[in-house]
Structure formats: structure tokens, C-alpha cells
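Peer 1: Supplied in C-alpha cells, the structure appears directly below.
There are 2 protein chains.
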Amino acid sequence: MKKLYLKDVARELNVSKTAVSLVLNGKGDENKISYDTQQKIINFAKKHNYIPNQLARGLSRGKSETIGLIIPNISDTFYSKVAGVIERKAKEKGYTVLFSSSYEDPKTEGELILSMLNRQVDGLIIASTQQNKKEIEFLKKEKFPFVLFDRYYPENETDYVIVDNFYGTKKVTEHLLNLGRKKVGFITLKPGLEPIAQRLMGYKEALKAHNLTSKETYVKEIGREEYFSEVEKAIIDLTAREQAVDAIVFSTHYLASQGLRVLKKLNLKVPDDVAIVSFDELSAFDIVEPPVTSVVQPVNEIGYSVIEILLNKIGSTVKTEFQTRVLKTKLEIRSSCGSFLST
Amino acid sequence: MKKLYLKDVARELNVSKTAVSLVLNGKGDENKISYDTQQKIINFAKKHNYIPNQLARGLSRGKSETIGLIIPNISDTFYSKVAGVIERKAKEKGYTVLFSSSYEDPKTEGELILSMLNRQVDGLIIASTQQNKKEIEFLKKEKFPFVLFDRYYPENETDYVIVDNFYGTKKVTEHLLNLGRKKVGFITLKPGLEPIAQRLMGYKEALKAHNLTSKETYVKEIGREEYFSEVEKAIIDLTAREQAVDAIVFSTHYLASQGLRVLKKLNLKVPDDVAIVSFDELSAFDIVEPPVTSVVQPVNEIGYSVIEILLNKIGSTVKTEFQTRVLKTKLEIRSSCGSFLST
DNA sequence: CTGAAAGCGCTTACAG
DNA sequence: CTGAAAGCGCTTACAG
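These protein sequences, in sequence, are chains B and H.
For the first sequence, the positions run 3 to 345 when the numbering used here is used.
For the second sequence, the positions run 3 to 345 when the numbering used here is used.
This is the structure in C-alpha cells:
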């Protein structure tokens, strides 16, 4: 069985290439091709496994039916979940997705954007490092369809989908304060990312609303690469001083799980010695010890929104308003905060 | 800034399209194009963001520099980790990866294979549903480069990378028996998948080696879709009868985490009432309560091997032997089995 | 319905 | 080095 081309099936069937192409693209009826001929073509194609070359098709039609997805890390549970939703929705609409991880490196991300572009993706979805303003502006100038999620560029108008990082963190911090915790630490990443900045602000706002000033020393900003050891240092620092904290907010799931590891190692009891909460969660957060109260991101909604906005963009030639969505998070209360503390 | 094409940069620079193409593809030297001209072309291209159309390039050269990855579910932690490794390695070699989840549906998987093929991927990586023998044979007949991982077709000779499911399960079951457990249950998926079958055999072999016959009633095979409720039923069944089990082996990570959830709900103490172990793990298995002894799969090695074999296949025109690798698992002992039990 | 033809944007011998 | 040309495998007006 040799590889079949359009011309082969045309020849075999004694019809024109035009007819075959038209029929296989569902344009048989509108071109008044007889039912019999259509059936003949369709059956032959199916029987002999005729596979049209998408490269040629894409080149000819000027679109590839492919979407590019650029995320920090496909192995991270949050991104892999969103990727799953995006892929499922995209497939429903006939798109395949090309993905690539930037590993938080702006240079890699920039190259990825260009690489996706030269592969003629029809649209781009990016959870950006937020350090490629130039590329983002290039995309805008070219009117290339793209939507950002998770991380966006506050100073550049674009389509994006994010969650309410500020309010989510404020709420979970208040939850802690309402339970009688007075000295709340915040372990987070070094600044640079918008969601992280928003979470810090939410934390501070909650303290302020409770008439507590957020001591600088309660906020620990650590580097992503060496977070394993730095979380440990941060916790030792927060818990060992004379004025030890009685609660810690972790700004993301892997900091929280490492935090839990460290707390166990240090023999600190959660929530008795210190209560903890996490922004974003691991699916196992309900079976860790103790189960961790978390701010849950609406993964499905994020994926749906992103695809919806992007496909709208791709479909329409008229320039539309930028669409931005800020989705609500959900506070999942578990036992890592204990019950009310009277001191 | 309009979109630039090859002919545009040729015109602007007063050189031929040929020269531009040659230089940009790194064939300047071998075609004796002067250093100055080369620099001129390269600089202009970079400055004006010339992005060659990969569709045209691929069509012309007969390869797309794209690899297709078909897995059951990108959101599953095991597959997302392997996908990350594969993507990283592929990128190093200049390949981008197109991915798609089959969600365990053979029909979807079959369509995906054809879809990837018509997108002219240069090779395919599949963790198969094992129900598309026809497509696999088609790929073989076409001499299309592909390698299977995790799940393969025992009756069809292909390249594949798997782990030692049999021995891994045997070892972890023996670990349980060596600790004095006598009645070991096995909660697994309904048959159909080779790794699952191997794990069951490993479990039985361990029992046999300890002169225990594996009672049929100790093995619970459940459906993937409704595993949440079925794990519960299985555990109730295994623990409530007069001869309750004193240990349970879970054949995969999500069964184990659901098992832990259920055991907590039923107020059964792990490992006192029942010890548990898991084949494959969640990254949080060291902080759940109790930490779960697991058979760890060598995710990096799997990814590396798959890419290595595939790229070899793509690179060589001579037909080579099928390459198969069976990688070792690692037993990670945690406290979910307790210490030696004397009864 | 057909058939010849142009076009998508590249790459790559080939003659000079 | 150039330049004209063929070719990759499709799609799509167009004249008949």
C-alpha cells in the first residue's frame, strides 16, 4: 500500500482533483456534485486511508488549524490541568495544539513565540513570563490572535483570563485572622509576576482591615529555583524568632507542600503551632496531614474562557474590544487552620 | 511593519531568493557565499523579524520537525511529567511537539493517529489504549517512525519503552509480606492494559513465593470512569468481611489516593488496621497521612529513552532492529506499611 | 460536473 | 554567487 495523494484518488476514480478536493472538504453539495460521485469519492478515500497533507492544505488556505500553547511548565499540575481543558475544547472545534514550556525563561519564551508563528499557528495562548513586552507588542501590531492567561501584562491592553488573586488571598488571610491568628507570615516568590504581586497585596489588605500592620519581616520572598531549601530557611526564620508567627500563607501550591514537609521535619504541629493555607492546590491536599485549606482556581473555567475568546478572535476579521475576564476563586476550608484560637 | 516573505528580503537586499534561503538554513558556507553577504542577510532577517513559513518549508522538504505525542490524559501527573521531559528533549533537537489526549478511547486515539499523520509529524509517540492494532500495523507497514511507551502491543513487534511492572509489584507485595501481613488485597483496574496485567501477575507471584494462594476475592477490578465510588465499594468489601485483609496494594496512584480518602472516611487506621502501597505515586505521597510506600517510575529515563529511540528512527533510513527497553522501578519505602507485625 | 491553471512560500538542483 | 525553474500537495476561482 503506497502513500496516496489527491491526484491518485482522482485518477483511480476517473474524476478531477477538483472534485475530490471539493467533496472531501464538504463542499460537494454547494458545487452540485452528484450524490453518487460524492459517495464514490468518500468511500474510496476511507477505504484506502487517504490522508490529505495538512501542510499543503494549510499553506494553500493560509491557516493551519493549530493553536500554540506556551506555558511555564507542562509538568506543573495547574498548567497541565488547564492544558487538558484547552486541548479538549480545541479539538471539539477542529484544532490541534502545539505546546511548549518556557521554564520561566523570557528568552526561551520569545523564541517559542516566533517558532509558533513560523509554524503558522492560527492563534496563541500564553501564560507568560511577563518579560517579553516586545513580542507581545509585535503580536498586537500584527493583529495576531492571542490570549494570555494566569500572567498578563498590566500595562499592555490584551485579551486575558486571570483569577482574582487579590481577593482570593485577602479572603483566605482573613479566614486565618477570624480564627484568632495574630501573627501571619507570607511565603511567596520573588516579585516579577502579576498574580504573585496581587496575592501579596491581598494578604496585606487583609491585615490592614484587621488593623494589623504587616511587618516586613513576616514576608518571605524566595527564588523559584532553590525553593526547596529556601522554604526551609524561611520557615525556620518565621518560627524561631522570639515573636514567632502563628500562621503562614503560601502563595502557591508547591511552596505549601514543601512548607508542610519542612514543618513536619521541624516537628511543628499544624495547626496547633502554626496554621497554614495555600493559594492554589494539589489534588492530594485533602489527604495530606493535616488537609490544607486552599484557594482553589477554577481550572475548567479558565480553559473554557481562553479557548472561547481565542476562537472568537480567530473567527472574526473585525477588530473587537479586548476581552478580559477575572474569574472567581473558591475558598476550600480544611483543617490546617484549626478552629477558633483564644489566647 | 508588513509581513515579510523570502522574496521581500531578497529584493530589499538585492540578492537572490536562493542566497537568502541558503544562508538562513546555514548552508551559506558550503555554497561559498561571502561572509559579508551572509552577515547582511542574517542581520536583515533578525532586524526585520523575518519568520520563514514552516508549512511551506515542511512541504518542500518533506518533513515538519514536529513530533506527535498521544497520551491517555495530559492532566494526569504521570503523563504530564513524561510529556515535559519529552518536550524538553525534543526541543533540544529542534522538534516541536503536537500533543493530544485520547482519554482512553480507542476511536479517538485512531483518529488522533491519522490526524497527526496528515499534519506530517516526523514521528509519533504513543501511550496507547492498546485497542488500535490496525493503526499500529498500518504505521509499521508504512515504516513510519513511532515508539510506544507505558502501554504497548505485546503481540506486535514495535519499539517501546516500559517499566518493569511485574517485578515492581512483586517487590512491593513482598515488602508487605515480609512485614508480616498475611491477607493482602489488590485493587486495580479492569483488565485490558498490559501494565495492569503485569502488575496483577507480580502481585500473584509474590503471594505464591510466600506459599499463599491469592484468593480471587482479594482482587478487586474496577472501572476507570467510576473509580471514585468503586474504590469505596471495593474497600468496604475487602475490610468488612469476617476475613478482612490486613494490607492493600493499589495498582496506580489515583486508586491509592482515593483509597486513602476512603480509609479515612471509614475510620480505618493505616497502617495499623490495614497497610497500603501504591504503584506509581503522587508528588505529595510523602506528606499525606501516612506517607505512602510506592513503586516509583523513572519518569526522566522514560522520556529520554523514548526520544532517543524515536530520533534514531527518524534519522536513519536503514531499517534497524526494534528497540525495546524495560526500565527499573524504585521502591520508595514510607510509613504506610508500618513495621514488622507479629500476630 | 471537468480540467487546466495559478497560487500558497518555501527548497533545491542546475546552468551560467 | 545569480536567476529562472521545478516541485512539495493541496485549494480555489474560472471557463467551459
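Glycine included, each C-beta is placed from N, C-alpha and C at the ideal position.
Computed from a predicted model, the values in this text were never measured in an experiment.
1) Tell me which residues share the same chain as Q133(B) and place their Cβ nearer than 6 Å to its Cβ, disregarding the 5 neighbours each side in the sequence.
2) Please classify T254(B): does DSSP put it in a helix, a strand, or coil?
3) For L100(B), which residues from the same chain have a beta carbon less than 8 Å from its beta carbon, with the 5 sequence-adjacent residues on both sides left out?
4) Any Cβ of chain H within less than 8 Å of the Cβ of Y7(B)?
5) Is R121(H) helix, strand or coil when you go by DSSP?
6) What residues from chain B crowd round Q299(H), counting only those whose CB sits closer than 8 Å?
7) List the residues of chain H that V290(B) touches, going by C-beta distances under 7 Å, in chain order.
8) Could you name each continuous beta strand (DSSP E) segment of 3 residues or more that falls completely within the stretch 139 to 200 of chain B, going from the start of the chain to the end?
9) Touch check for the stretch 276 to 293 of chain H and the stretch 169 to 180 of chain H: three-plus C-beta pairs under 8 Å?
10) My assumption, with CB atoms under 8 Å, is that Y205(B) sits in contact with V149(B). Please give the rounded CB distance.
11) Quick check on I335(H): buried or exposed, where buried means 16 or more other Cβ atoms within 10 Å of its Cβ?
12) Between D275(H), T295(H) and E139(H), which lies nearest to L284(H) when the distance is taken from Cα to Cα?
13) Hey, quick one: how far does the beta strand (DSSP E) through G70(H) stretch, first residue to last?
14) Just to make sure I have the definition right: I need the residues of chain B whose C-beta is within less than 7 Å of the C-beta of P74(H). Which are they?
15) Select from P300(B), K145(B) and E234(B) the residue whose C-alpha is nearest the C-alpha of L268(B).
16) Kindly list, in the order they appear in chain H, the residues whose Cβ is closer than 9 Å to that of V99(B).
17) Tell me whether the beta-carbon of K5(H) lies closer than 8 Å to the beta-carbon of A12(H).
18) Do E207(H) and P156(H) have their C-beta atoms within less than 8 Å of each other?
19) Determine whether the Cβ of I53(H) lies closer than 8 Å to any Cβ atom of chain B.
20) Just to check my reading of the structure: V264(H) and I289(H) have Cβ atoms closer than 8 Å, yes? What is that Cβ distance to the nearest angstrom?
21) Suppose the cutoff is 8 Å on Cβ atoms and the five residues either side in sequence are ignored; what does the same chain contact list for L141(H) look like?
22) Could you name the residues of the same chain whose beta carbon sits closer than 6 Å to that of V17(H), not counting the 5 residues immediately before and after it, in chain order?
23) What are the start and end residues of the beta strand (DSSP E) that includes S285(B)?
24) How many angstroms separate the CA atom of S104(B) from the CA atom of A242(H)?
25) For a contact meaning CB atoms closer than 7 Å, what does A58(B) contact in chain H?
26) Go ahead and label Q1(H) buried or exposed: buried means 16 or more other beta carbons lie within 10 angstroms of its beta carbon, across all protein chains shown.
27) Take E14(B) and list the residues in its own chain whose beta-carbon comes closer than 6 Å to its own, dropping the five residues that flank it on each side.
28) Output, in chain order, the set of chain H residues within a Cβ distance shorter than 7 Å of L119(B).
29) Do V87(H) and G305(H) count as a contact pair if the criterion is CB distance below 8 Å?
30) Starting from G86(B), find everything on chain H with Cβ-Cβ shorter than 7 Å and list it in chain order.
31) Just to confirm my understanding: we take E310(B), look at its own chain, exclude 5 residues before and 5 after, and list those with CB closer than 7 Å. What are they?
32) Determine the burial state of D211(H): buried for a count of at least 16 other Cβ atoms within 10 Å of its Cβ, exposed for fewer.
33) Report yes if the C-beta distance between K173(H) and L333(H) is below 8 Å; otherwise report no.
34) Any idea if F342(B) is buried or exposed, counting beta-carbon neighbours within 10 angstroms, 16 or more meaning buried?
35) Within 10 angstroms of its Cβ, does S338(B) collect 16 or more other Cβ (buried), or is it exposed?
36) Once the 5 residues before and after V163(H) are set aside, which same chain residues still bring their CB inside 6 Å of it?
Peer 2: By the coordinates alone:
1) P108
2) coil
3) T68, I69, G70, L71, M118, R121 and V123
4) no
5) coil
6) For Q299(H), no chain B residue has a C-beta closer than 8 Å to its own C-beta; the minimum C-beta separation is roughly 14 Å.
7) A286, I289, V290 and E291
8) 148 to 151, 162 to 165 and 186 to 191
9) yes
10) 28 Å between Cβ atoms; not a contact.
11) Under a 10 Å Cβ-count criterion, I335(H) is classified as exposed, with fewer than 16 other Cβ atoms of the shown protein chains found around its own Cβ.
12) Comparing alpha carbon positions, the residue from D275(H), T295(H) and E139(H) closest to L284(H) is T295(H).
13) T68 to I73
14) Within 7 Å of the CB of P74(H), no CB atom of chain B is found; the nearest one sits about 11 Å away.
15) E234(B)
16) L100, F101 and S102
17) no
18) no
19) yes
20) Incorrect: roughly 19 Å between the Cβ atoms, too far for contact.
21) I115, L126 and F148
22) none
23) Taken as a continuous stretch (DSSP letters only), S285(B) belongs to no beta strand (DSSP E), as it is neither H nor E.
24) 50 Å
25) L61
26) With chain H covering 3 to 345 only, the question about residue 1(H) has no answer from this structure.
27) none
28) By Cβ distance, chain H contributes I53.
29) yes
30) Within chain H, the residues near G86(B) are N75, I76, S77 and S103.
31) none
32) The amino acid occupying residue 211(H) in the given sequence is Ala; Asp does not appear at that position. The residue in question, A211(H), is exposed, as its Cβ has fewer than 16 Cβ neighbours within 10 Å.
33) yes
34) When all chains shown are included, F342(B) counts as exposed.
35) With 16 or more other Cβ atoms within 10 Å, it is buried.
36) Excluding sequence neighbours, V163(H) sits near F151, I304, S307, V308 and R327.
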